[in-house]
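Asker:
In my numbering, the protein residues as written are 9 to 207.
1. Only counting the same chain, and skipping five residues up and downstream in sequence, which positions put a Cβ closer than 8 Å to that of residue 47?
2. With H, G and I counted as helix, E and B as strand and the rest as coil, what does DSSP make of residue 139?
3. With a threshold of 8 Å between beta carbons, is residue 183 in contact with chain B?
4. What does DSSP give as the partner residue(s) for residue 176 in the beta ladder?
5. Going by CA-CA distance only, name the one from 193, 201, 197 and 187 that's closest to residue 60.
6. Quick one: using the 10 Å Cβ neighbour count with 16 as the cut-off for buried, is residue 152 buried or exposed?
7. Restricting to runs no shorter than 4 residues, where is the alpha helix (DSSP H) found entirely within the segment 51 to 127?
8. Less than 6 Å between C-beta atoms, sequence neighbours within five positions excluded: which residues of the same chain meet that for residue 41?
9. Taking the beta carbon of residue 191 as the centre, do at least 16 other beta carbons fall within 10 Å, making it buried, or is it exposed?
10. Measure the C-alpha to C-alpha separation of residue 92 and residue 197 and round it to an integer number of angstroms.
11. Ends of the alpha helix (DSSP H) at residue 28?
12. What is the DSSP secondary structure of residue 196, counted as helix, strand or coil?
13. Per DSSP, which one or two residues make a beta bridge with residue 191?
14. With a threshold of 16 other CB atoms inside 10 Å of the CB of residue 95, please say whether the residue is buried or exposed.
15. For residue 134, collect the residues of the same chain with a Cβ closer than 6 Å to its Cβ; drop the 5 residues on either side in sequence, then sort them by chain order.
16. Please list the terminal residues of the continuous alpha helix (DSSP H) segment that includes residue 10.
17. Is it the case that the segment 117 to 132 contacts the segment 13 to 31, given that we only count it when at least three CB pairs across the two stretches are under 8 Å?
Shown next as structure tokens:
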């Protein structure tokens with residue numbers, strides 16, 4: 009499904025507002041400057057999501073998943089491969105280590121990063137649509153990518169879409185890529201797009 013250019017421009021602006029807030033919160037948390045950018049956003053039918061992640065070479069993934077509800081509802085994910093996840097945690101903690109063993113501190117760091125980013129991301133749409141958004145507790149998913157996705161997608165994916173946003177973390181002169189993925193039904197998606205056009 010192609011996003012009309014007018015909506016895509018407004019969507020990019022809203023995403024960048026949310027990412028700006030997330031970057032400020034993360035910078036305050038770790039005491040160093042972080043910037044976030046969203047250079048690409050594409051919309052896919054939900055049943056194409058696994059194939060899209062394979063095309064993006066995201067097979068051995070780590071995900072932070074959060075469900076949200078309000079006037080619109082759905083799921084939002086921070087998706088990274090293990091190498092990028094490890095690099096990001098090391099940059100933010102200023103330590104060198106591996107995520108192979110997934111220590112408690114590694115899990116907490118990833119969940120905190122995901123929680124801040126995903127809340128700011130969805131919160132920016134809540135502000136746009138002028139309604140409150142409630143979030144479930146974030147979960148860290150470390151199973152194989154297909155198995156992780158099956159945990160939260162509906163059994164019938166007709167009329168469900170996934171908005172995949174390439175996300176760049178810039179910290180300490182280094183860049184780490186990930187993907188923020190928004191999963192919504194058509195009704196919620198149309199409400200969001202209508203609000204973007206009215207703004």
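Backbone N, C-alpha and C define an ideal beta-carbon position, used for all residues, glycine too. The model shown is predicted, which means the values in this text are computed figures rather than measured ones.
Answerer: So, from the data block:
1. Excluding residues within five positions, the ones whose Cβ falls inside 8 Å are 174 and 176.
2. In the three-state reduction of the DSSP assignment, residue 139 falls in the coil class, being assigned neither a helical nor a strand state.
3. In the displayed structure, chain B is absent; only one protein chain is listed.
4. By DSSP's assignment, residue 176 forms a beta bridge with 45 and 185.
5. Here the closest residue by C-alpha is 187.
6. Classification for residue 152: exposed.
7. Within the segment 51 to 127, the complete alpha helix (DSSP H) runs of at least 4 residues are 57 to 63 and 90 to 101.
8. 35.
9. Buried.
10. Each residue's alpha carbon lies about 29 Å from the other.
11. Judged by DSSP secondary structure, residue 28 falls within the alpha helix (DSSP H) whose first and last residues are 13 to 38.
12. Here residue 196 sits in helix by DSSP.
13. Assignment of beta-bridge partners to residue 191 by DSSP yields 83 and 170.
14. Residue 95 comes out buried.
15. Counting only Cβ-Cβ distances below 6 Å, and skipping sequence neighbours, we find 141.
16. According to the DSSP assignment, residue 10 belongs to no alpha helix (DSSP H), since it is labelled neither H nor E.
17. With the cut-off at 8 Å, the segment 13 to 31 and the segment 117 to 132 touch.
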